[in-house]
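Residue numbers for the sequence shown follow full-length UniProt numbering, so the first one is 1 and each next one is one higher.
From the three backbone atoms N, C-alpha and C, an ideal C-beta is built for every residue, glycine too.
Let me begin by presenting the structure, written as structure tokens, before commenting on it.
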Amino acid sequence: MTLASGLLDVALIIAFAALALGQLLSMVRLVLGPTPGDRILALDTMVINALGLIIVLGIYLGVQIYFEVALLVAMLGFVSTVALARFLLRGDIIE
1 MTLASGLLDV
11 ALIIAFAALA
21 LGQLLSMVRL
31 VLGPTPGDRI
41 LALDTMVINA
51 LGLIIVLGIY
61 LGVQIYFEVA
71 LLVAMLGFVS
81 TVALARFLLR
91 GDIIE
């Protein structure tokens, strides 16, 4: 094991731990959020943290399919966040 691969492993472990901690804190905000806007932001943050976890896992395992999965999750997360925000603001999704 070279120094570069050992350093990459340590960086990936630190990144995975930081993203997992962010995911847990976002779950706390999702449960305790005083307003629906806070809950929507927490849900969007959880999607972004999940993307980071998927990408870090893909780098660690060296499998490229995880990056395509991350793109799909990103698109679904964006659409669901916009739909939920429109529903809370207007009461309907499609005009």
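Taking the C-alpha atoms as reference points, what is the distance between residue i and residue j?
{"i": "Val10", "j": "Arg29", "result": "29 Å"}
{"i": "Leu32", "j": "Ser80", "result": "21 Å"}
{"i": "Ser5", "j": "Met46", "result": "29 Å"}
{"i": "Ile55", "j": "Gly91", "result": "35 Å"}
{"i": "Leu72", "j": "Phe78", "result": "10 Å"}
{"i": "Ile14", "j": "Leu3", "result": "17 Å"}
Please classify residue i: is it buried, with 16 or more other beta-carbons within 10 angstroms of its beta-carbon, or exposed?
{"i": "Leu89", "result": "exposed"}
{"i": "Val63", "result": "exposed"}
{"i": "Ala83", "result": "exposed"}
{"i": "Ile94", "result": "exposed"}
Am I right that residue i and residue j are in contact with their C-beta atoms under 8 Å? What's the rounded C-beta distance?
{"i": "Leu51", "j": "Ala70", "result": "5 Å"}
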